[in-house]
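Notes for the one structure printed next.
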Amino acid sequence: MSALLALVFVCATVAEGLKAGPLAEYVVYPRLLEARGMNGEKLLHIDNKLTLRLEKSSVVAENLVVSTLNVDGQVDTLVDGREVEKDIYHDKSQMAAVSVTEKNGAVEVSGALSQTLRIAPLPLMGRSEDGHIAHKVFEIEEPAQYKTDYIVPTERNLWARPPSRQPTKIPNIFTVEMAFIFDHHHKKEFPNERSMLIYAATTTALVNMRYKATSNPQVQFVLVAVLQGKTSFARTVVAPDDLRKSTHDKTYMLSEDTLKNLAKAVHTGKIRVKADLVTYVTTFDLADIKNGILSNTVLGVAFIGGMCTAHLRVAETEDTPHTFSMVPILVHEWGHSLGMVHDGDKPRYSTPAYKNKICDPKEGYTMAPVANGKRNGEWSKCSLEHLRGFASTLTQACLDRTAEKHYKINMTQLPGATFTKLKLCRKTFKGFVDMSVHPKSLNAPTCNMFCCPYKYGQCLQVPLMDGMECTHGHHCVKHKCIPKLAHQAPGRAQPPRFLTPSSTTTTTKRTTSTYGPRPTTVRRRTTINSRWWWYPSRSLRSSVAGQ
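To get the numbering used here, take the position in the sequence shown, counting from 1, and add 77.
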């Protein structure tokens with residue numbers, strides 16, 4: 078059943094991504110070839126027209142912080158980043174990045190085959206005669222144009238930072254430590270946490286290939302944290318659907334309000350994340366209200382030079398889950414975070430030689446105001462000089478990598494830290510009296526225990542909460558009994574790492590997408606002799622609420 082639901086949602090999101098026009102779509106049966114490339118790379122045969130030469134990608138921090146946001150606060154856990162990225166590969170010549178998983182002699186492939194072609198498995202479609210899994214290859218549209226929307230900063234004299242007064246060493250490869258925050262609706266489109274993390278890592282690999290062309294320094298992004306859940310900073314509004322105004326309403330996310338609220342939440346520590354850049358990903362159509370009129374031309378938002386700035390190190394993007402539609406938006410918006418303006422605009426940061434030079438936007442480079450230009454995917458000389466000028470303003474703390482350090486978690490953040498096993502039994506089964514804990518559950522290395530009501534005749538199984546002691550010196554985290562000191566998370570962001578304010582810019586578009594239903598979560602309770610099923614309720618929508 079779970080596989081069926083996953084397929085339905087993948088197909089639904091793929092279909093929505095194709096609504097904009099008659100784009101390419103066909104079925105293939107990819108397979109790994111026994112032969113290897115000249116440098117030992119894997120060869121992935123997609124069809125007779127395309128074979129990828131796969132190189133291993135490295136885009137995830139060894140200690141990846143995965144956080145859940147809820148009404149009680151934030152719970153952080155550490156995940157092995159090497160496990161997340163173990164199946165992620167890229168082909169530089171094709172600008173492709175995919176996750177490749179071998180299953181029963183066949184391969185399952187998800188990701189991007191080029192800048193606009195995507196691939197996703199079709200598990201319910203029959204296999205080929207030689208046992209290969211069917212996949213759908215489909216095309217997405219890149220943004221049609223970009224439009225700048227500036228927010229005037231309060232500190233006008235700090236629009237452009239001078240070069241750092243402290244001696245800094247700009248590395249040849251500047252690694253930007255980056256975090257994603259996925260909204261509640263986006264996360265629900267993935268069957269499990271692992272698939273969401275692989276999606277985030279593959280997205281990072283796709284963006285990195287486009288930044289390989291930067292130089293002195295070359296910029297590469299590394300995923301250090303993924304946060305997901307319901308948030309309080311997002312702002313939405315219900316208005317007529319721009320495609321069906323007379324018959325349907327639609328929920329839009331207010332991009333400017335949401336970005337400002339996110340910046341405040343990160344700056345004040347309400348959302349704890351240690352990263353140079355934090356990007357919020359939403360399935361909602363971004364929009365803004367100007368002079369009482371709603372406009373949904375915006376696709377993404379970022380602050381000019383906002384990276385490593387305490388209260389401006391944030392960005393925002395739309396995305397249709399499973400399609401990687403946010404990749405071209407992120408390439409452009411993260412360029413703004415790195416100090417680049419649009420080609421044709423006056424620079425905010427630059428080297429002395431390019432201080433007053435403006436590049437022709439008609440050349441169609443990556444930072445041109447109109448997308449899909451003849452040199453899309455390349456960087457203009459102006460953009461590279463803007464990046465170099467911006468890098469010269471950064472402190473050494475920003476240029477250095479810090480996410481590899483370990484930080485002890487505050488145990489009070491885990492909801493079960495103050496619960497005893499008896500207290501959990503009484504809370505879970507309030508209708509019973511004289512509750513006791515089964516003697517064999519006093520040590521619970523499986524993070525399950527049995528609650529025994531007096532005169533009931535049998536004991537009832539219940540899973541331990543995150544933070545509850547399972548054995549001496551150990552507690553449960555994600556239903557695993559681990560040493561307490563092994564569960565760590567990053568501390569608050571260090572103030573010296575972040576600098577000054579600036580303006581915002583947005584990515585714009587002409588088309589929108591709507592999204593299908595989301596799966597209902599199920600939690601199971603068991604007894605020794607029987608099993609029960611419990612379906613928790615959840616809110617469906619609100620007009621102005623956190624997502």
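For glycine and all other residues, C-beta sits at the position ideal for the given N, C-alpha and C.
Here V510 carries a coil assignment [DSSP, helix/strand/coil].
The three-state reading of DSSP puts T359 in strand, counting E and B together. The Cβ-Cβ distance between I250 and P220 does not fall below 8 Å. Assignment of L541 by DSSP, reduced to helix, strand and coil, places it in the coil class.
Closest by C-alpha distance to I196, out of G493, N181 and V104, is V104. Contact annotation: K213 and E102 have beta-carbon atoms nearer than 8 Å. One Cα belongs to P429, the other to R465, and the distance between them is close to 10 Å.
Taking a C-beta distance under 8 Å as the contact criterion, H419 and M444 qualify as a contact pair. If only uninterrupted alpha helix (DSSP H) runs of at least 4 residues are considered, those enclosed by the segment 294-366 are 332-345.
Residue pairing of M444 in beta bridges, as defined by DSSP: absent, with no partner found.
Separation of T280 and L499 (C-alpha to C-alpha, rounded to the nearest whole angstrom) is 45 Å. K337 and T178 have their C-alpha atoms spaced approximately 39 Å apart. DSSP places M526 in the uninterrupted beta strand (DSSP E) bounded by N525 to P530. Of L300, P516 and A290, the smallest CA-CA separation from A282 is found for L300.
The alpha-carbon separation between E333 and L354 amounts to approximately 17 Å. Boundaries of the beta strand (DSSP E) around G188: A183 to A189. Taking 8 Å as the upper bound for CB-CB distance, A387 and H344 are in contact here, some 5 Å apart. Inclusion of S414 and Y442 in the CB contact set at 8 Å is not warranted, their separation being larger than that value. Nearest C-alpha to L304 among V514, V142, G382 and L110: V142.
Every alpha helix (DSSP H) stretch that sits fully inside the segment 99-182 and reaches 4 residues is listed by chain position as 158-161. With respect to the C-alpha of Q538, the residue from H515, T548 and N520 having the closest C-alpha is H515.
The beta carbon of N285 lies closer than 7 Å to those of V136, Q297 and F298 in the same chain, with the five residues before and after it left out.
Measuring C-alpha to C-alpha distances from Y276 to each of N433, T397 and A211 identifies T397 as the nearest.
The beta carbons of A311 and T335 sit closer together than 8 Å.
Inclusion of H263 and T154 in the CB contact set at 8 Å is not warranted, their separation being larger than that value. Of the other Cβ atoms in all chains shown, fewer than 16 fall within 10 Å of the Cβ of Y531; this residue is therefore exposed. Beyond the five residues adjoining it in sequence on each side, S427 comes within less than 6 Å, by CB distance, of E462, H463 and G466 in the same chain, given in chain order. Between T523 and the set T128, L541 and C536, the nearest pair of CA atoms involves L541. Per DSSP, reduced to three states, the secondary structure at R503 is helical. Bounds of the alpha helix (DSSP H) holding L461 are K458 to A468. Beta-bridge partners of D396 (DSSP): none assigned.
Each of D168, H552 and F509 was checked against the Cα of Q535, and the nearest Cα belongs to F509. Following the DSSP letters along the chain, one finds G377 inside the beta strand (DSSP E) bounded by residues V375 to F380.
The residue among E410, G544 and Y106 with its C-alpha nearest the C-alpha of L199 is Y106. Taking every protein chain shown into account, the CB of A340 has 16 or more other CB atoms within 10 angstroms, so this residue is buried. Between D164 and S176 a beta carbon distance of about 5 Å is seen, short of the 8 Å cut, so the two are scored as contacting.
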